[in-house]
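These notes concern the structure reproduced below.
Protein chains: 2
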Amino acid sequence: MPVKDAGEKLHAGKAEIKRVNAGMMEEGIVRKTAELFGVLSDPTRVKMIIALSKAELCVGDLAHIVGASDSAVSHQLRTLRNMGLVDYRREGKQAFYSLQDKHLKRILEQSIDHVREGLGSS
Amino acid sequence: MPVKDAGEKLHAGKAEIKRVNAGMMEEGIVRKTAELFGVLSDPTRVKMIIALSKAELCVGDLAHIVGASDSAVSHQLRTLRNMGLVDYRREGKQAFYSLQDKHLKRILEQSIDHVREGLGSS
DNA sequence: GAATCATATGCACGCTTGTTCATATGATTA
DNA sequence: TAATCATATGAACAAGCGTGCATATGATTC
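Which chain is which? The protein sequence lines are E and G, in order. The numbering of the first sequence is the numbering used here, which starts it at 947 and goes up by one. The numbering of the second sequence is the numbering used here, which starts it at 947 and goes up by one.
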């Protein structure tokens, strides 16, 4: 049975619409994908992830590197932790973080190239 | 000359910090990268981009496909247009949009796979 | 045990963002 | 020309987000 288009006025052919609809994903996947990108939509977090992809770092050093306050970085790390994107290791007073998610590094690097190629105009 | 660390207390070796710092990008690139990801951080826009990567569509059809109002979609299209991510073509009353930026499709698809592999836990 | 250090957390505030509603624009049709 | 259609736009509002500040926690050092 085809998709019910009862009443709605469409312009492109129904076959076309149907074809596009078939390529759409489940709502849940879409939501999670958007959430993942949300992580990368903040400059501080982008820098944090770049840094953590290069070395395991404690909060203070990370804050120093990305140029944000300890508090801000700690807050953001919680987000990354909750999403399972960073690894966490305690050593005395310090907490060491590193990038858990290798895919993230790939996606980020690819996108940076993309921006470098000139398209991120704004 | 090494990076000036005057006064700040670092924990990891300075060489390590220096190495990580070297891998950091210019502020402008970081900002634009974050902006690009910002585009993909909303479910409606994710759906729009998926749809537009499969076919050229007019506003109404696109709205129908992604399940949002014409107005909402039009607003979002303006954002995408301003960022140079979609192509625009007028035909009579209708305006047809398509994905200008092929990289975007690649990045998006790669990230969807990534989410499918189970990491987008939230 | 007191002081200090590294990190974490709750709250508040300002800013951004996505949507809706109303209206405008511009093209087609009657 | 009037009415209608597709799209665009502006104002307004709610919700979410990033940060600073104060404070808490837990480990080390004196």
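A virtual CB, placed ideally from N, CA and C, is assigned to each residue, including glycine.
The contact set of alanine 1001(E) on chain G, defined by CB atoms closer than 8 Å, consists of Ala958, Glu962, Arg965 and Val966 in chain order.
Between alanine 1001(E) and glutamate 962(G), the C-beta spacing is below 8 Å. Straight across, the Cα-Cα distance linking glutamine 1046(E) with valine 1019(G) is about 36 Å. Closest by C-alpha distance to alanine 1009(E), out of Met971(E), Phe983(E) and Ala1041(E), is Ala1041(E).
DSSP places glutamate 1002(G) in the coil class of the three-state scheme, outside both helix and strand.
At a cut-off of 8 Å between C-beta atoms, lysine 993(G) counts as an interface residue with respect to chain E.
Taking 4 residues as the shortest admissible run, the segment 960 to 997 of chain G contains the following complete alpha helix (DSSP H) segments, listed from N- to C-terminal end: 960 to 969 and 973 to 985. Counting along the chain, the unbroken alpha helix (DSSP H) around glutamine 1022(E) starts and ends at 1016 to 1028.
One thing to note: isoleucine 1011(E) has its Cβ no nearer than 8 Å to the Cβ of methionine 971(G). Excluding the 5 residues flanking it on each side, valine 1032(E) has same chain C-beta neighbours closer than 7 Å at Leu998, Leu1023, Leu1026, Tyr1043, Ser1044, Leu1045 and Gln1046, in chain order. A direct Cα-to-Cα measurement between serine 1057(G) and lysine 1039(G) gives close to 36 Å. Short of 6 Å from the beta carbon of alanine 1014(G), and not among the five residues preceding or following it, lie these beta carbons of its own chain, in chain order: Thr990. Between the C-alpha atoms of alanine 968(E) and alanine 968(G) there is a straight-line separation of about 45 Å. For leucine 1045(E), no alpha helix (DSSP H) encloses it; the enclosing beta strand (DSSP E) starts and ends at 1040 to 1045. By the 16-neighbour rule on beta-carbons within 10 angstroms, aspartate 1007(G) is buried. Flagged as an interface residue toward chain G: histidine 1010(E), by a C-beta distance shorter than 8 Å. Cα atoms of isoleucine 1053(G) and glycine 1030(G): separation of roughly 16 Å, rounded to the nearest angstrom.
Residue pairing by DSSP places glutamate 1037(G) opposite Gln1040(G) in a beta bridge.
Taking 7 Å as the Cβ-Cβ cut-off, the segment 1042 to 1054 of chain E approaches chain G at Asp1047, His1049 and Ile1053, given in chain order. Looking at the backbone, the Cα of asparagine 1028(E) and that of leucine 982(E) are separated by about 12 Å. Cα atoms of lysine 960(E) and methionine 994(G): separation of roughly 18 Å, rounded to the nearest angstrom.
Just measuring C-alpha positions, the residue of Val1005(G), Asp1059(G) and Lys1051(G) sitting nearest tyrosine 1034(G) is Val1005(G). For serine 1057(G), a Cβ of chain E is located within less than 8 Å of the residue's own Cβ.
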